[in-house]
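Asker: After the structure tokens below, expect a handful of questions from me.
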Amino acid sequence: MGRSNSNSNYPCNLDKYCNNITNQYLFLASIYSAIISEEIEDDEALGILGTFLIVLGEEISLASELRIFVNLNFKMRIMKKNKLKMYLTDAALKVS
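26 is the number of the first residue of the sequence shown in this note's numbering; add one for each residue after it.
And the structure:
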């Protein structure tokens, strides 16, 4: 039998997972910002780094949108679950 977690209906904490992914992307962006702040003499190397940073920016944007979507989806699931609990509680009170 598996260990139980604090939120047994969900196998993992999606909110925490998305925050971790976004934090990793932000960490990478800060590393490459530090690299680009150094003087780069080779134009080809600068072009490659610039292209990489553009792709990294797109990945960060995607991670941000994913984080927003998953947070919203996770909150909607919790709201539906709470609404169902309230409905069942009200129905049980009416029966008794």
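Heads up, the beta-carbon is just placed ideally off N, CA and C, and yes, glycines get one too.
Excluding the 5 residues flanking residue 81 on each side, which residues of the same chain have their C-beta closer than 8 Å to its C-beta?
Answerer: Position 56 of the sequence shown, counted from the start, is the residue given in the question as residue 81. Excluding residues within five positions, the ones whose Cβ falls inside 8 Å are 50, 53, 54 and 57.
Asker: Classify residue 110 as buried or exposed, calling it buried when 16 or more other Cβ atoms lie within 10 Å of its own Cβ.
Answerer: As a position in the sequence shown, residue 110 is number 85, starting the count at 1. Answer is exposed; the Cβ neighbour count stays below 16.
Asker: Could you check what DSSP says for residue 90 in three-state terms: helix, strand or coil?
Answerer: For the purposes of this step, residue 90 is taken as the residue at position 65 of the sequence shown. Correct three-state label for residue 90: helix.
Asker: When DSSP labels each residue in this structure, what does residue 83 get in the three-state scheme?
Answerer: To locate residue 83, count along the sequence shown from 1; it is residue 58. If DSSP states are grouped into helix, strand and coil, residue 83 belongs with the helices.
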